[in-house]
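Take a look at the structure below.
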Ligand code: ACO
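In the numbering used here, the protein residues as written are 1073 to 1377.
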C-alpha cells in the first residue's frame, strides 16, 4: 500500500492525520495557509476590542473585556503551535502577515466606533466564528481539531458576554438602543462575509472538503449563522439591515440579500477601512518588542545546563 493510499484511507475512515504521518504536500500547504490565517486573525482581532479596554463603561465590563482579549492571544498561540507541527516557523508566517503576504479575517478591518460595537463583536463576530469553528473540531488534522475544542469553549463565553452586553443596551435608554442598532447595521454584513466567498467562487473549498479539512461549505455555514442569529436580533427588539430578509416556511431557512462582494474583495485585498492601521499597529508592536525577544533568548541561553 502506498503512502498516498494509507493517507486516503485514514481520511475516509475519519482517523486524524497527525504531524508524524505522511501527507500530500498540498494538504500540508493548505493547512499552513488556513491555520496561519486563523492564528493571524486571532492576533489582529485583539486590536479593535483592545481599543476599548480603557473606555469600558464599568469595572465589570473592563474585566470581561480584558479576559476576552487575553483569550484571543491564547487562541493565536495555540494556532501558531498547531501550524508549527506542519514544519513552518511562527516567525516566518508572522512576518508574512506583517508584510501583507498572508491574510487575516476581513472582519477585523472595520473600526469600533462606540461601546455597542464591543457587545456586537462578541455576539455577532464571535458568534460567526463559533459556527465555523465548531465544524473545525472535526477537521482531519489532529492538532488543529484539538485546538478548536478548547477555543470553541472560550468563544462560547465571548459570544454570551457579547449578547448580554447588547441585551443591557436593548433595555436601556433610546440613545443606547440607537447605538446598538447602529452597531448591528455596521457589523451585520461584514459578519456574513467572515464565511468567505460563495461556494461557486471559493477556489479552495472543493479540495478542502475532499480532504475533510473543511467539513461544510462557506454558504452552508453562513446560512446556519443567519438562521441562528435573526431570532436573537428580534429578541433584542432590533432589526437586521437587509430588506430582502424573509423566513421561508417551506425550507425552514431565512433567505437573505446579496452580499456586497466588491466590498469583501477590497477589504481582503488590503483596501478596507482599517487594513493599514491594523498592520501598522502590529509592525510597531513587533519592532518595540525586539528587546523582549532578545532578553528572553539571552536568558534562555544562560539557563542551558
Ligand atoms: N477574510 C479574509 N480572507 C478570506 C475570508 C475572510 N473573511 N474568506 C475567505 N478568505 C480568503 C481565503 O483565505 C482564500 O485566500 P487564499 O486562497 O488567497 O489564501 C480566499 O479568500 C478564497 O476563499 P476560500 O477558497 O473560500 O478559502 P478557504 O477554503 O480557506 O475558506 C475560511 C475560508 C472559511 C475563512 C476558512 O479559511 C476557515 O474556515 N478558516 C478558519 C477560521 C478562521 O480563520 N477564522 C478567522 C476569524 S474568527 C476569529 O478570529 C475570532
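All C-beta atoms, glycine included, are put in the ideal place defined by N, C-alpha and C. Here the structure is a predicted model, which means the values were calculated and not measured.
message: Let me make sure I understand the geometry here. Which of 1311, 1092, 1145, 1267 has the alpha-carbon closest to that of residue 1291?
response: When each option's Cα is compared against that of residue 1291, the closest is 1267.
- prompt: Around the Cβ of residue 1211, are there at least 16 other Cβ atoms within 10 angstroms (buried) or fewer (exposed)?
  reply: Here residue 1211 is buried. Its C-beta has 16 or more other C-beta atoms within 10 Å.
message: On a Cα-Cα basis, can you pick out the residue from 1354, 1149, 1371, 1370 that is closest to residue 1167?
response: Checking every option, the nearest Cα to that of residue 1167 belongs to 1354.
query: So is residue 1319 buried or exposed if we call it buried at 16+ other beta carbons inside 10 Å?
result: With fewer than 16 Cβ atoms within 10 Å of its Cβ, residue 1319 is classed as exposed.
- prompt: chain D beta carbons: is any one of them nearer than 9 Å to that of residue 1189?
  reply: As a matter of chain content, chain D is missing from the structure shown, which is built from one protein chain.
field: Which residues DSSP lists as bridging residue 1327, in chain order
entry: Paired residue(s): 1318.
message: The alpha helix (DSSP H) that contains residue 1221, what's its start and end?
response: For residue 1221, the enclosing alpha helix (DSSP H) begins and ends at 1214-1242.
- prompt: Which value, in whole angstroms, describes the spacing of the CA atoms of residue 1129 and residue 1278?
  reply: Approximately 46 Å between the Cα atoms of the pair.
- prompt: In or out: residue 1375 buried (at least 16 other Cβ within 10 Å) or exposed?
  reply: That one is exposed.
task: Check whether the Cβ atoms of residue 1061 and residue 1121 sit closer than 9 Å, and answer yes or no.
output: Past the boundaries of the shown model lies residue 1061; the chain is included only from 1073 to 1377, so the question cannot be answered.
message: For residue 1199, report the span of its alpha helix (DSSP H) as first-last.
response: Residue range 1198-1208 is occupied by the alpha helix (DSSP H) that includes residue 1199.
task: Please state whether DSSP places residue 1285 in a helix, a strand or coil.
output: In the three-state scheme derived from DSSP, where H, G and I count as helix and E and B as strand, residue 1285 is classed as coil.
- request: Could you tell me the boundaries of the alpha helix (DSSP H) in which residue 1080 lies?
  value: Going by DSSP, residue 1080 is part of the alpha helix (DSSP H) stretching over 1075-1084.
message: Looking at the ligand ACO, does it come within less than 8 Å of residue 1226, judged from the CB to the closest heavy atom?
response: Not so, every heavy atom of the ligand ACO lies at least 8 Å from the Cβ.
- prompt: Measuring CA to CA, which of 1331, 1145, 1244, 1259 is closest to residue 1199?
  reply: For residue 1199, the closest of 1331, 1145, 1244, 1259 by C-alpha to C-alpha distance is 1259.
- request: Using the Cα positions of residue 1357 and residue 1254, report the straight-line distance between them to the nearest angstrom.
  value: C-alpha separation (whole angstroms): 31 Å.
- request: Assign residue 1096 to buried or exposed, taking buried as 16 or more other Cβ atoms, counted over all protein chains shown, within 10 Å of its Cβ.
  value: Of the residues assessed, residue 1096 falls on the exposed side of the cut-off, its CB having fewer than 16 other CB atoms within 10 angstroms.
message: So, with DSSP's three-state summary, where would you put residue 1089?
response: Three-state result, residue 1089: strand.
query: Is residue 1339 closer than 9 Å to residue 1181 when the C-beta atoms are compared?
result: Contact flag set, yes.
- prompt: Closest to residue 1088 by CA distance: which of 1333, 1367, 1117, 1216 is it?
  reply: With respect to the C-alpha of residue 1088, the residue from 1333, 1367, 1117, 1216 having the closest C-alpha is 1216.
message: Taking the alpha carbon of residue 1227 as the reference point, which residue from 1209, 1214, 1241 has its own alpha carbon closest?
response: Nearest of 1209, 1214, 1241 to residue 1227, Cα basis: 1209.
- prompt: In whole angstroms, what separates the C-alpha of residue 1213 from that of residue 1133?
  reply: One C-alpha to the other measures close to 37 Å.
query: Does the region 1096-1105 come within contact of the region 1154-1162, defined as at least 3 CB pairs closer than 8 Å?
result: Short answer: they touch.
field: Best match in 1073, 1075, 1076, 1080 for proximity to residue 1284 [C-alpha to C-alpha]
entry: Taking residue 1284 as reference, the option from 1073, 1075, 1076, 1080 with the minimal CA-CA separation is 1080.
field: residue 1197 vs residue 1179 beta-carbon contact at 9 Å
entry: It is a contact, given that the beta carbons lie within the stated cut-off.
field: Collapsed DSSP secondary structure at residue 1309 in the structure displayed
entry: Looking at residue 1309 - three-state DSSP - the assignment turns out to be coil, as it is neither helix nor strand.
field: Integer-rounded CB distance, given that residue 1188 should sit under 8 Å from residue 1241
entry: Between residue 1188 and residue 1241 the Cβ distance is about 6 Å, and since that is below 8 Å, they are a contact.
message: Considering only their Cβ atoms, is the gap separating residue 1176 from residue 1398 smaller than 9 Å?
response: Nothing about residue 1398 can be reported from this structure: the residues present for the chain run from 1073 to 1377 only.
- prompt: What number of angstroms, rounded off, separates the C-alpha of residue 1111 from the C-alpha of residue 1153?
  reply: Each residue's alpha carbon lies about 9 Å from the other.
- request: Look up residue 1117 in the DSSP assignment and say whether it is helix, strand or coil.
  value: Residue 1117: coil per DSSP, three-state reduction.
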